[in-house]
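Take a look at the structure set out below.
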Amino acid sequence: MPLLSFIEDNYGQEDKEADELLKDGCITAEHITKLFKPNHVVISRRAGGTLEACVLDSYAEVEKDRVDFGGWSWQYDGNELFRKSWTGKMNRVAEGRTPIVDLPIHPIKFARAADIEALETRGRQFWDMRDQVYKCYTGWDKSRSYYYIDARFMHG
Numbered sequence: 013m014p015l016l017s018f019i020e021d022n023y024g025q026e027d028k029e030a031d032e033l034l035k036d037g038c039i040t041a042e043h044i045t046k047l048f049k050p051n052h053v054v055i056s057r058r059a060g061g062t063l064e065a066c067v068l069d070s071y072a073e074v075e076k077d078r079v080d081f082g083g084w085s086w087q088y089d090g091n092e093l094f095r096k097s098w099t100g101k102m103n104r105v106a107e108g109r110t111p112i113v114d115l116p117i118h119p120i121k122f123a124r125a126a127d128i129e130a131l132e133t134r135g136r137q138f139w140d141m142r143d144q145v146y147k148c149y150t151g152w153d154k155s156r157s158y159y160y161i162d163a164r165f166m167h168g
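Counting the sequence shown from 1 gives a position; my numbering is that position plus 12.
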């Protein structure tokens with residue numbers, strides 16, 4: 013197959029190098045585009061350390077000094093879930109080897125177990141609240157033994 017031979021001859025070494033880096037959980041500036049693909053889930057660490065999981069809808073765009081991302085994440089408006097557009101950017105990766113988990117935006121498959129657990133825990137807490145109702149009450153309790161002032165309750 014002439015096409016396969018051409019690809020192997022011209023890009024084979026580059027692909028092997030990238031595969032070795034990825035197996036070690038590292039990346040370089042040269043191979044950063046191989047890390048991010050459409051429909052892959054990435055984790056973004058926002059200011060303050062808050063984690064957000066997003067789905068890429070396009071390849072990352074590498075600029076001179078930064079990498080730009082586009083995609084979506086789930087948003088809840090109080091009634092229903094919907095896709096919210098998401099954009100992210102990070103500084104360009106250094107020329108040397110960089111651990112993927114140290115990037116502010118990285119594929120979820122390279123994420124730390126603690127980060128995955130934090131996202132799952134937050135998601136479960138959010139999901140458990142879906143049928144809850146917030147009430148604020150001023151008045152006596154049922155037995156008239158305690159008077160509540162602006163007491164706040166969640167119930168399902």
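We put the beta carbon where it would ideally sit given N, CA and C, even for glycine.
For Y149, which residues from the same chain have a beta carbon less than 6 Å from its beta carbon, with the 5 sequence-adjacent residues on both sides left out? Closer than 6 Å at Cβ, skipping near neighbours: Y160, A163.
Can you list, in chain order, the residues of its chain whose CB lies under 7 Å from that of T62, leaving out five sequence neighbours each side? none
Going straight from the alpha carbon of V105 to that of R78, what length do you get? Using only the alpha carbons, I get a separation of about 8 Å.
In whole angstroms, what separates the C-alpha of Q87 from that of S157? 42 Å
Taking D140 as the reference, which of L115, M166, D80 has the closest Cα? M166
Helix, strand or coil at A163 according to DSSP, with G and I counted as helix: strand
Applying the 10 Å Cβ sphere with the 16-neighbour rule, what's the burial state of S56? buried
According to DSSP, is P50 part of a helix, a strand, or is it coil? coil
Pull up the CB-CB distance for S85 and A65, whole angstroms please, since I reckon it's below 8 Å. 7 Å
DSSP on G90, reduced to helix/strand/coil? Here DSSP, grouped into helix, strand and coil, assigns G90 to coil.
Rank E92, D27, S17, D127 by C-alpha distance to the C-alpha of L47 and give the top, closest one. D27
Coil, strand or helix - K76 by DSSP: Note: K76 maps to coil in three-state DSSP.
Nearest to D80 (by Cα), restricted to the options K101, S70, V67: K101
V74 beta carbon less than 9 Å from that of Q54: The question names Gln, yet the displayed sequence has Val at residue 54. Not in contact: V54 and V74 (Cβ atoms no closer than 9 Å).
Option nearest P111 by Cα separation, candidates G37, F18, D21: Nearest option by C-alpha distance: G37.
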